[in-house]
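Below: the structure, in C-alpha coordinates.
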Amino acid sequence: MKVQYWPFSLKFRHPFTISKGTKTHQPTLIVELEHLGIKGYGEACAIAYYNIPVEKMIADLEAKKQFVEKFAFTDPERYWHYLHH
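Under numbering that gives the first Met the number 0, the first residue of the sequence shown is numbered 0, with each subsequent residue one higher.
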(Lines of atoms letter the chains of each structure in order from A and count residues from 1; the text may use other names and numbers.)
(Lines give C-alpha, C1' and ligand atoms only; values in the text may rest on other atoms or scores of the structure.)
Protein backbone atom coordinates (compact mmCIF):
# COMPACT_ATOMS: atom_id res chain seq x y z
CA MET A 1 0.00 0.00 0.00
CA LYS A 2 1.28 3.46 -0.88
CA VAL A 3 0.44 6.65 1.04
CA GLN A 4 0.61 10.14 -0.45
CA TYR A 5 -0.74 13.43 0.84
CA TRP A 6 -1.07 17.07 -0.13
CA PRO A 7 -1.82 20.12 1.99
CA PHE A 8 -4.58 22.16 0.38
CA SER A 9 -6.29 25.47 1.12
CA LEU A 10 -9.99 24.86 0.55
CA LYS A 11 -11.48 28.18 -0.55
CA PHE A 12 -15.07 28.81 0.51
CA ARG A 13 -17.59 29.94 -2.07
CA HIS A 14 -18.90 32.43 0.51
CA PRO A 15 -17.21 33.81 3.63
CA PHE A 16 -18.16 31.97 6.83
CA THR A 17 -18.73 34.28 9.80
CA ILE A 18 -19.31 33.48 13.46
CA SER A 19 -18.71 35.50 16.64
CA LYS A 20 -14.97 34.67 16.57
CA GLY A 21 -14.45 36.04 13.08
CA THR A 22 -14.73 35.34 9.37
CA LYS A 23 -13.09 32.55 7.38
CA THR A 24 -12.64 32.48 3.62
CA HIS A 25 -10.72 29.20 3.40
CA GLN A 26 -10.01 26.03 5.38
CA PRO A 27 -6.54 24.44 5.67
CA THR A 28 -7.00 20.81 4.62
CA LEU A 29 -4.94 17.67 4.12
CA ILE A 30 -5.79 15.41 1.16
CA VAL A 31 -4.67 11.78 1.59
CA GLU A 32 -4.37 9.13 -1.13
CA LEU A 33 -4.01 5.39 -0.47
CA GLU A 34 -3.06 3.20 -3.42
CA HIS A 35 -3.03 -0.59 -3.58
CA LEU A 36 -2.65 -2.64 -6.77
CA GLY A 37 -3.42 0.42 -8.90
CA ILE A 38 -6.64 1.27 -7.06
CA LYS A 39 -6.69 4.64 -5.33
CA GLY A 40 -8.84 5.96 -2.52
CA TYR A 41 -8.95 9.52 -1.23
CA GLY A 42 -9.80 11.18 2.05
CA GLU A 43 -9.51 14.60 3.58
CA ALA A 44 -9.00 16.07 7.02
CA CYS A 45 -9.48 19.72 7.91
CA ALA A 46 -7.37 21.59 10.44
CA ILE A 47 -9.30 22.18 13.66
CA ALA A 48 -8.17 25.29 15.52
CA TYR A 49 -10.09 24.62 18.75
CA TYR A 50 -8.37 21.20 19.07
CA ASN A 51 -5.01 22.77 18.15
CA ILE A 52 -4.56 20.39 15.20
CA PRO A 53 -3.03 22.27 12.27
CA VAL A 54 -2.28 20.60 8.93
CA GLU A 55 1.42 20.56 9.86
CA LYS A 56 0.70 18.35 12.89
CA MET A 57 -1.40 16.00 10.77
CA ILE A 58 1.50 15.72 8.30
CA ALA A 59 3.97 15.00 11.12
CA ASP A 60 1.66 12.32 12.56
CA LEU A 61 1.14 10.77 9.13
CA GLU A 62 4.88 10.75 8.40
CA ALA A 63 5.49 9.01 11.74
CA LYS A 64 3.08 6.20 10.75
CA LYS A 65 3.59 6.13 6.97
CA GLN A 66 6.14 3.30 6.94
CA PHE A 67 3.95 1.25 9.31
CA VAL A 68 0.97 1.65 6.96
CA GLU A 69 2.94 0.97 3.77
CA LYS A 70 4.75 -2.17 4.94
CA PHE A 71 1.60 -4.22 5.65
CA ALA A 72 0.87 -7.07 3.21
CA PHE A 73 -2.76 -6.14 2.56
CA THR A 74 -5.07 -9.11 2.05
CA ASP A 75 -8.45 -8.02 3.43
CA PRO A 76 -9.91 -4.98 5.23
CA GLU A 77 -10.68 -6.75 8.54
CA ARG A 78 -7.11 -8.00 8.87
CA TYR A 79 -5.75 -4.55 8.02
CA TRP A 80 -8.06 -2.89 10.59
CA HIS A 81 -6.79 -5.31 13.25
CA TYR A 82 -3.16 -4.56 12.24
CA LEU A 83 -3.74 -0.82 12.59
CA HIS A 84 -5.39 -1.08 16.02
CA HIS A 85 -3.23 -3.65 17.84
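The C-beta atom is built at its ideal place from N, Cα and C for all residues, glycine as well.
Keep in mind the model is a prediction, meaning the values are calculated, not measured.
Give me the residue from the options with the minimum Cα distance to residue i.
i, options, result
"Ser8", "Asn50, Gln25 and Thr21", "Gln25"
"Thr73", "Leu60, Asp59 and Leu35", "Leu35"
"Lys22", "Tyr81, Lys69 and Ala45", "Ala45"
"Tyr4", "His80, Glu54, Lys10 and Lys69", "Glu54"
"Leu70", "Glu76, Tyr81, Glu61 and Ala62", "Correcting the residue identity first, residue 70 is Phe in this sequence and not Leu. Of the candidates Glu76, Tyr81, Glu61 and Ala62, the one whose C-alpha sits nearest the C-alpha of Phe70 is Tyr81."
"Lys10", "Thr27, Trp79, Arg77 and Gly20", "Thr27"
"Glu33", "Lys64, Tyr48 and Glu76", "Lys64"
What's the gap between the Cα of residue i and the Cα of residue j?
i, j, result
"His83", "Met0", "17 Å"
"Val2", "His13", "32 Å"
"Thr16", "Glu31", "31 Å"
"Ser18", "Tyr49", "18 Å"
"Glu76", "Asp59", "23 Å"
Could you name the residues that DSSP lists as bridge partners for residue i?
i, result
"Gln25", "Leu9"
Report the CB separation of residue i from residue j in whole angstroms; it is logged as a contact under 8 Å.
i, j, result
"Ile29", "Glu42", "5 Å"
Residue i: buried (16+ other C-beta within 10 angstroms of its C-beta) or exposed?
i, result
"Tyr40", "exposed"
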